[in-house]
Structure formats: structure tokens, C-alpha cells
Amino acid sequence: MAKISPPEPGQPIDVAYIDQIVRTLNDVSVQVSPAIYKYVTVDVPKFASQSAKISETRVIAGYVDVVTSSNQAAGGQQTFSYQFSPEFKYPPIVTATPINIGGGDAGKNVTVVLRQPTTSRVDGVVNFNVAGEVSIGVNLIIVGIPN
């Protein structure tokens, strides 16, 4: 990228100098925010793949407390849901990560299974693979095409 030399004291500012400043600012703008020009494809079951600029997609990051200081049996399950405003044109893509809040051994061995999300809600189940007292939350990342 070109560097603009500062004007000398008393130097008249001409069109060429202003043009150089504008071009450099435009170059910086492109380098600082490349997301404006990048595309993402959201491939939702039962609907055609949708491609949109990243700046035109909607991302929601959410959290759900599933159980707090609860004794769970091996093979036990606990359902959860996360509601969000209906701003998606199609059901969004959702990822979930279990969070072992309590830090106990039983919380280290859980799985999360999501059901088919809707345009305003996602439901899931936490499966407990080891018995014990647990406190579990779920982080959610929801990505979709807005209305």
C-alpha cells in the first residue's frame, strides 16, 4: 500500500494530492473490512442453498443453563430450548457446545443432540454418559439468512 507523504508547510493542496489521499483511504477501507466482499453459503435441509454476503447474514450467540447441581444417572437426558426472535427466512444452522460449569467428572462426559431448528427456536437434549452431580450449560451459535 502506498504511503502518502505529508504536505510541506505552505504547499498548495491540489487535485492530484487529494486524489492520492482518497485512493489510499479506499485501499485501507478494503483491507480493514474484507467481510463486506466475502460470501457465505447456508445449506439448510429441505431448502436450496443460500449464498449471501457475510455482512447480510445474521449470527446469534446464545447460552442456556440446562441443569444446575443436579444428580444425573448414566444414560439420563435433559431437554432444553432456546427461543430467539423470528428473523430468519429459513431455519438457521445451529451448533452447540456443552459447558461443564461445575467442573465435575460427570460433566466431562456429556453429549448434545439438537433437533431440527425453526426460524425462531432450537430444541436439544443433553445426554449424560456418566452418573454424578453436574451443572451443564450449552453455548449456541446460530447462523442464517435474515428475512
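At position 8 of the sequence shown (counting the first as 1) the number is 8 in the numbering used here, and the numbers step up by one without a gap. Virtual Cβ for every residue (Gly too), placed ideally from N, Cα, C.
Please classify Q116 as buried or exposed, where buried requires at least 16 neighbouring CB atoms within 10 angstroms.
It is exposed - the Cβ of Q116 has fewer than 16 other Cβ atoms within 10 Å.
By the 10 Å Cβ neighbour count, where 16 or more other Cβ atoms means buried, how is Y90 classified, buried or exposed?
Looking at its Cβ environment, which holds 16 or more other Cβ atoms inside 10 Å, Y90 is buried.
Suppose you measure from the CA of D65 to the CA of I136; what does that come to, to the nearest Å?
Distance between the alpha carbons of D65 and I136: 6 Å.
Please confirm whether S55 and E133 have their CB atoms less than 8 Å apart.
No, these two residues do not count as a Cβ contact at 8 Å.
Do V143 and V44 have their C-beta atoms closer together than 8 Å?
Not a contact, by the Cβ cut-off of 8 Å.
T79 and I141: beta carbons closer than 8 Å?
Against a cut-off of 8 Å, the Cβ pair of I141 and T79 comes out as no contact.
At what residues does the beta strand (DSSP E) containing E133 begin and finish?
132 to 144 is the span of the beta strand (DSSP E), which, as asked, contains E133.
Would you call G103 buried or exposed, if buried means 16 or more other Cβ atoms sit within 10 Å of its Cβ?
With fewer than 16 Cβ atoms within 10 Å of its Cβ, G103 is classed as exposed.
CB V122 to CB N109, shorter than 8 Å?
Going by C-beta atoms, V122 is not nearer than 8 Å to N109.
Of the choices N127, T111, E87, whose alpha-carbon is the least far from that of A73?
It is N127.
Are I4 and I21 closer than 8 Å when you measure CB to CB?
Yes, the pair counts as a contact, with Cβ atoms nearer than the cut-off.
With distances taken from CA atoms, which of K53, N71, V125 is nearest V138?
The option with the nearest alpha carbon to V138 is V125.
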